[in-house]
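Colleague: In this text, residue positions in the sequence shown follow UniProt numbering: the first is 1, and each later residue adds one.
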Amino acid sequence: MLAPAVKLAVDKLTMRYPNGHTALRDFNVSVQTGEMIVVLGSNGSGKSTLMKCVVGLNRPTAGSVEIAGRDLAALSGKALRQARLPLALISQNANLVRRRSVLANVCCGALGRHRTLATAMGRLPRDEIEPARACLDEVGLLHLAGQRAGTLSGGQAQRVAVARALAQRPDVLLADEPVASLDPEAADEVMRLLRRLATEEGLAVVCVLHQPELAARYADRLVGLRRGQLEFDRPASEVSSQQIARLYVDETC
């Protein structure tokens, strides 16, 4: 049996800002097909910088971010936009267009493949409507396709955001604190969905969380970041509560 393919490989990633602050130092992580990892760490540990470097919003000082054999850290402009098509991002806020329908919001996930004057003016690509409906069905919200996005609950909106990400047809799904603003029941619902997308759909899922208990429940691996450096990268069942607690200790106190 062949080993699962590595979908995302971050190697020796370093990010030093112009003010001299080093947010990441020699950070390494890889994620395989069907695997879900959760990145834990306190505020200022480098989690947000990591996500920005992976999606190409920050150009790292050193190191590489490889997807489908291409180093995103070495690209810019059109080449970067093309190379990151296999990558989808879900943010803390769903960022839906409230006045548009749920289906229209999901179709927006496909616009990276349809850069035309018509789509720039807000028209949806006809051949993406049925795939978008399938993405909504995937997250259990097809029955809300025609509803205005502004009428959704927080949990529903975040699931629509997941469907919009799926419409990109990604290999790698990034989720940056996707349940931070949700109640416990809705948070569990979103995490179960991400877990299923990894297990059943074969996506490589990278999730940043502030809830260690949710991380331990749903992740294959836990990655600990502390002061910009890798503290641990181990199967979730092998990470102790003491190791997690150490991530949140301020040694300057």
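Where is the CB? At the ideal position from N, CA and C, for every residue including glycine. Here the structure is a predicted model, which is why all the values come from computation and not from measurement.
Look at the alpha carbon of Ala215 and the alpha carbon of Gly44, and state the distance between them as a whole number of angstroms.
Modeller: Approximately 19 Å, taken between the alpha carbons.
Colleague: How long is the line joining the alpha carbons of Gln242 and Asp183, rounded to whole angstroms?
Modeller: Near 26 Å, if we compare the C-alpha coordinates of Asp183 and Gln242.
Colleague: Compute the beta-carbon to beta-carbon distance between Ala132 and Ala110, rounded to the nearest angstrom, for a pair I have assumed lies under 8 Å.
Modeller: About 7 Å; that satisfies the 8 Å criterion.
Colleague: Is it the case that the CB of Ser153 approaches a heavy atom of the ligand ADP more closely than 8 Å?
Modeller: Ligands displayed in this structure: none; no statement on the ligand ADP is therefore possible.
Colleague: Runs of 3 residues minimum, wholly inside the segment 66 to 95: which ones carry the beta strand (DSSP E) assignment?
Modeller: Correct list: 87 to 90.
Colleague: Using DSSP with H/G/I as helix, E/B as strand and the rest coil, what is Gly150?
Modeller: Gly150: helix per DSSP, three-state reduction.
Colleague: How is Ala215 classed by DSSP in three states: helix, strand or coil?
Modeller: Helix.
Colleague: Three-state secondary structure (DSSP) at Glu177?
Modeller: Residue state, collapsed to three classes: coil.
Colleague: Taking 9 Å as the cut-off, decide whether the C-beta atoms of Ala186 and Gly140 are in contact.
Modeller: No; because the gap between Cβ atoms is not below 9 Å, this pair is not in contact.
Colleague: If we define contact as Cβ-Cβ less than 9 Å, is Glu66 a contact residue for chain B?
Modeller: Here chain B cannot be found, since the structure has a single protein chain.
Colleague: Are the segment 27 to 42 and the segment 196 to 204 touching, with three or more C-beta to C-beta distances below 8 Å?
Modeller: With the cut-off at 8 Å, the segment 27 to 42 and the segment 196 to 204 touch.
Colleague: Residues in the same chain with beta-carbon distance under 8 Å from Gln211, minus the five sequence neighbours each way, listed in chain order, please.
Modeller: Cβ neighbours of Gln211 beyond the five flanking positions: Val179, Ala187.
Colleague: So the beta strand (DSSP E) Val190 belongs to, where does it begin and stop?
Modeller: Careful: Val190 lies outside any beta strand (DSSP E), inside the alpha helix (DSSP H) at 184 to 201.
Colleague: Got a sec, what are the start and stop residues for the alpha helix (DSSP H) Asp137 sits in?
Modeller: Asp137 -> alpha helix (DSSP H) spans 129 to 138.
Colleague: Kindly identify the DSSP beta-bridge partner or partners of Pro235.
Modeller: The partner list for Pro235 (beta bridge, DSSP) reads Arg221.
Colleague: Which class does Arg16 belong to by DSSP, given the choice of helix, strand or coil?
Modeller: Strand, per DSSP.
Colleague: Quick one: what does DSSP say Gln243 is sitting in, helix, strand or coil?
Modeller: In this structure, Gln243 counts as helix in the three-state DSSP scheme.
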